[in-house]
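Q: Those letters in the sequence shown? Residues -24 to -1, 1 to 417, per mature numbering (1 follows the signal peptide of the UniProt record, and there is no 0), in order.
All residues carry an ideal CB built from backbone N, CA and C; glycine is no exception.
Remember, predicted model here, so these are calculated numbers, not experimental data.
The structure that follows is given in the form of structure tokens.
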Amino acid sequence: MLALGVTSSVAILAQVIFLQPLLAQCVSVNFTFTAKPMSSATRTQSLLYSSCQRFASTSLTAAPPGLQRQLSLESLCRRTQRLVKLQGSLLWPKTTCFEAFGQQHALPVRTNGGDLCTETSQEELEYLAGFFDGDGCVRLSRTLCGSTISVNQTSTNCEVLVRFRRAFGGGIYVEKHGRGSRKPILQWAACGIAARRAASMLMQLSLVKQEQLLLAAAWPKCPLERAFAGKRMSQLKRNDHVVNLPCSWAYFDGFFDAEGCIQVPHHCANIRLEVAQVQGGVLLELRRFLASEFPGHNFPLYKSSSKHTLAVTKTSTSRLVLERLLVGLISYKRIQAEIAITLTKSNHHEIREKLMLLVGNQSRYQRLDEAGCIRALHIVSVRQSLLRRVACGAEAAPDAKLRLQQLQTEHEALNAFAKYRMLRSDIRSLLGRGAYIEKQV
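And the structure:
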């Protein structure tokens, strides 16, 4: 593996990000770009400057006399696609340590039976059972000689891995190194005696994976029985198996920490909570629990083609749930909850931006920034005005329709430019932290 420095089109793109970022000015729907070569330009810089000149000369329509040609949306999308390809090829520096509870831990954290916490509280066990039901995995070895109990988390959420290790032993390892927009993944894992011990303790409190944990805790020695148990484990992973056990706040804390989502929509100052699952059985139990804890409040359960979603749609109800979570054992989403409950109409966009920095990167480049939220609201307002005119029997004015179309086109272009700019910033940040391109020799 070689550090960044390959002489390819991908490498040139990386150099463009470091050398003289293009200056951008927004002109109506399109964007004007200018660039100057460095005084002591090398051959590489000359190539980059030529690329910048071609970048600035592309146009959606003929530019008015005296103005530079403008970058078309199509050209911007092509450049964005190349940046996405470049970003996906960047490998993060190897993860050698992580921080949890204010301490640095060198990786890997090896298995050590002496570190077992024999006095884990009942509440802590309920929290860990809830988290395991959300993000845990019971994995069988290829030879069916035993099982491994594991939990995967990004490198920014390692405290829960330490909590699992304190309760059940095991070790913490690097599961996947970071690549592109994907953060490094760390894993807590226990096998052998530690796995059986963890399974036997978690199964007593698990609502979703109790039968899987039961198999892991009492794994048979007979080869024929192991083969049967392996098939049974596969069936349990495919189907919904929720046991009838009482839910607690500690369990809910853990499950929400693993699978919950705190949202502030772009169109209004509202707090929305969601928990999504492929199978809906556990969500019914959580819904009954919340309904008993907050009588008179509504907790709708939605079903789509791919998942079930338990939602809290009213801000007043969301605040009650978040305040109760903050009193409990919630860990990973504690900061998000503390930020969300301070939401007001005046700080709507500020709170939304703060929450965006704390969540994963799955939808990072699809989320609207503050300016995009304002544009989207304006477009909705104009569209509703047109619909009201049509509903009243009046004919929509052609100039109003044209204005709506222009707003939508401008919104699309500005969103594309915001994505392009964010990609450039993220790639510069990765390169500055030592990211490199893997090259096969």
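Indicate the three-state DSSP secondary structure (helix, strand or coil) for Gln342 in the structure shown.
A: Reduced to three states, the DSSP call for Gln342 is coil.
Q: By a C-beta neighbour count over all protein chains shown, 10 Å radius and 16 as the cutoff for buried, is His324 buried or exposed?
A: Flag for His324 reads buried.
Q: Cutting at 7 Å between CB atoms, please list the residues of its own chain near residue 454, excluding the five before and the five after it.
A: The question about residue 454 has no answer here: the residues shown for the chain are numbered -24 through 417.
Q: I need the DSSP call for Arg118, collapsed to helix, strand or coil.
A: It is coil, neither helix nor strand.
Q: Three-state secondary structure (DSSP) at Glu151?
A: Looking at Glu151 - three-state DSSP - the assignment turns out to be strand.
Q: Spell out a yes or no on whether the region 102 to 113 and the region 121 to 141 are touching, meaning 3 or more CB-CB pairs, one atom from each, closer than 8 Å.
A: Cβ pair count under 8 Å is three or more, so yes.
Q: On a CA-only basis, which of Gln211, Ser51, Glu201 is nearest Leu120? Give me that one, please.
A: Comparing Cα-Cα distances from Leu120 to each of Gln211, Ser51, Glu201, the minimum goes to Glu201.
Q: Assuming contact is defined by CB atoms lying nearer than 9 Å, are Gly257 and His217 in contact in what I supplied?
A: Yes; because the gap between Cβ atoms is below 9 Å, this pair is in contact.
Q: Check whether the region 219 to 235 and the region 292 to 308 are in contact - that is, three or more C-beta pairs closer than 8 Å.
A: Yes: the two stretches touch, three or more of their Cβ pairs being nearer than 8 Å.
Q: Would the C-beta of Cys53 count as close to the ligand FMN, meaning under 8 Å from any of its heavy atoms?
A: Of ligands this structure carries none, so the ligand FMN is not represented either.
Q: In the DSSP assignment, what are the bridge partners of Ile125?
A: The partner list for Ile125 (beta bridge, DSSP) reads Val114, Ala166.
Q: Tell me whether the beta-carbon of Ala205 lies closer than 9 Å to the beta-carbon of Arg172.
A: Not in contact: Ala205 and Arg172 (Cβ atoms no closer than 9 Å).
Q: Could you give the residue range of the beta strand (DSSP E) that holds Lys207?
A: First-last for Lys207: 199 to 214, but that is the alpha helix (DSSP H), not the beta strand (DSSP E).
Q: So, at 6 Å on beta carbons, what are the nonlocal neighbours of Tyr278 in its own chain, with the 5 sequence-adjacent residues on each side left out?
A: Cβ within range, chain order: Thr285.
Q: Less than 9 Å between the beta carbons of Val251 and Leu262, yes or no?
A: Result yes, Cβ atoms of Val251 and Leu262 sit closer than 9 Å.
Q: Quick one: measure Cβ to Cβ for Leu183 and Cys223, integer angstroms, because I've assumed they're closer than 8 Å.
A: Contact flag correct, Cβ pair sits at about 7 Å.
Q: Report buried or exposed for Val356, applying the criterion of at least 16 other Cβ atoms within 10 angstroms of its Cβ.
A: When all chains shown are included, Val356 counts as exposed.
Q: CA-CA distance, Leu249 and Val335?
A: Approximately 14 Å, taken between the alpha carbons.
Q: Arg359 to Ala370, Cα distance in whole Å?
A: In a straight line, the C-alpha of Arg359 is about 15 Å away from that of Ala370.
Q: How is Cys244 classed by DSSP in three states: helix, strand or coil?
A: In the structure shown, Cys244 sits in coil (DSSP, three-state: anything other than H, G, I, E or B).
Q: With a cut-off of 8 Å on the beta carbons, I'd call Arg155 and Leu62 a contact; round off their distance for me.
A: Not really, about 12 Å apart at Cβ, beyond 8 Å.
Q: When the distance is taken between beta carbons, is Pro84 closer than 9 Å to Gly147?
A: Going by C-beta atoms, Gly147 is nearer than 9 Å to Pro84.
Q: If we count the other Cβ atoms within 10 Å of its Cβ and call it buried at 16 or more, is Asn391 buried or exposed?
A: So Asn391 counts as buried.
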